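Peer 1: Residue numbers (our numbering): 2 to 211. Think of the CB as a built atom: it goes at the ideal place given N, C-alpha and C, for glycine as much as any other residue. This structure is a prediction, so every number in the text was calculated from the model and none was measured.
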Amino acid sequence: MAELVVTEDVAGRAVEAFLEAAPRLIALAGGRTPRGFYERLATVEYAWADVDILFTDERCVAPDHPDSNVGMVRDRLVSRLSPGPRVHAMPGASCDADGHEFDLRMDFGDLRLDLVVLGLGEDGHTASLFPGDPILEERIRWVGRVERPDHPRITLTLPVLSNARVGMFLVAGESKRPALGRLLGGDQLIPAARVRSDRVLVIADPAAAG
C-alpha cells in the first residue's frame, strides 16, 4: 500500500525523505516535477562521493538535447556537486538498451536500488512504462527500449523498480489527480500502481491530492 504525504513543498519533503533513506544507489527520473527537488538536493550536505546515480529512463537523444533526462539531472544536480557521485548515464544518443543493461550487470551484479525517484503521467505511466506496452510483462530484463511518438526511449523495467527499497513518487498539479487516485487505489491497469518497492512513498501537492 502506497503512503501518501500531501504538502505545499513537494521538493522540501522529498529532500527529507531522501535523507531519511540515506541512499547510496539511486535512480532518478526526468520530467518537470523532480527538477525543484534536484535543485534543492544540490544544496544539501551529503556524502555524494559514495553515491551511484542511475536513471529510470531516457529519451533517445543526445545529453545536450532539451528533452534529455540525463542532461536535466546533470544541470540541476550533478554539476553542482563536488566531489560528485558516480553517474551511470543511459546512452540516449545510441539508444543502446542492451549495452546499458550489460554495463549495469557488470557494475552491480544484483541491482538493488536504495531509492528510485519516479514521476506519474496523466495516463498513469511512470519511467517510460506506458499503459498497454509489452515491456510491462518483462520479468528478466533490467533495461528495455520503448517506442513512443516523440522519441524512442530506454527504461528500467518493473523488476528493477519493484526491487528498490524505497520508491518515491513526486506528483504535482490538478491534471495528475485522476492518475494519483488510481495509483493509491492500486489500479493494476496503470503502470505506476505495478511498482512494488519495499516502501512506496507518494509526495503530492494539494492540487494533485484533491
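If we cut at 7 Å on Cβ distances, does Gly174 have a partner in chain D?
Peer 2: Absent here is chain D; the protein component of the structure consists of one chain.
Peer 1: Judging by CA-CA distance, which residue of Asp65, Arg178, Cys61 is the nearest neighbour of Gly122?
Peer 2: For the residues Asp65, Arg178, Cys61, the minimum Cα distance to Gly122 belongs to Arg178.
Peer 1: Taking DSSP's pairing of strands, which residues face Arg60 in a bridge?
Peer 2: Answer is Arg154, bridged to Arg60.
Peer 1: Let's test the definition: count the other Cβ atoms within 10 Å of the Cβ of Thr44 and tell me whether it reaches 16, buried, or not, exposed.
Peer 2: The residue in question, Thr44, is exposed, as its Cβ has fewer than 16 Cβ neighbours within 10 Å.
Peer 1: State yes or no: is the C-beta of Val16 within less than 7 Å of the C-beta of Leu42?
Peer 2: Yes, the Cβ-Cβ distance between Val16 and Leu42 is below 7 Å.
Peer 1: For Ala128, which of helix, strand or coil comes out of DSSP?
Peer 2: Coil at Ala128, not helix or strand.
Peer 1: For Leu157, collect the residues of the same chain with a Cβ closer than 7 Å to its Cβ; drop the 5 residues on either side in sequence, then sort them by chain order.
Peer 2: Once the five neighbours on either side are set aside, the close Cβ partners of Leu157 are Ala28, Thr57, Asp58, Ala128, Trp143, Val144.
Peer 1: Say whether the segment 64-80 touches the segment 101-116, bearing in mind that this needs 3 or more beta-carbon pairs closer than 8 Å, one atom from each stretch.
Peer 2: Touching, no, given that fewer than three Cβ pairs across the two stretches are closer than 8 Å.
Peer 1: For the beta strand (DSSP E) that contains Val118, what are its first and last residues?
Peer 2: First-last of the beta strand (DSSP E) with Val118: 116-119.
Peer 1: Using CA coordinates, which residue listed in Val74, Asp97, Glu148, Arg166 is at the minimum distance from Gly32?
Peer 2: Nearest of Val74, Asp97, Glu148, Arg166 to Gly32, Cα basis: Val74.
Peer 1: Check whether the segment 160-167 touches the segment 81-96, counting contact only when three or more Cβ pairs, one atom from each stretch, lie closer than 8 Å.
Peer 2: Segments in contact, no.
Peer 1: Out of Ala48, Asp10, Ile204, state which residue places its alpha-carbon closest to the alpha-carbon of Leu26.
Peer 2: Among Ala48, Asp10, Ile204, the Cα nearest to that of Leu26 is on Ala48.
Peer 1: Output the distance between the C-alpha atoms of Tyr39 and Met169, rounded to the nearest integer angstrom.
Peer 2: Each residue's Cα considered, the two are about 13 Å apart.
Peer 1: DSSP on Arg140, reduced to helix/strand/coil?
Peer 2: Coil.
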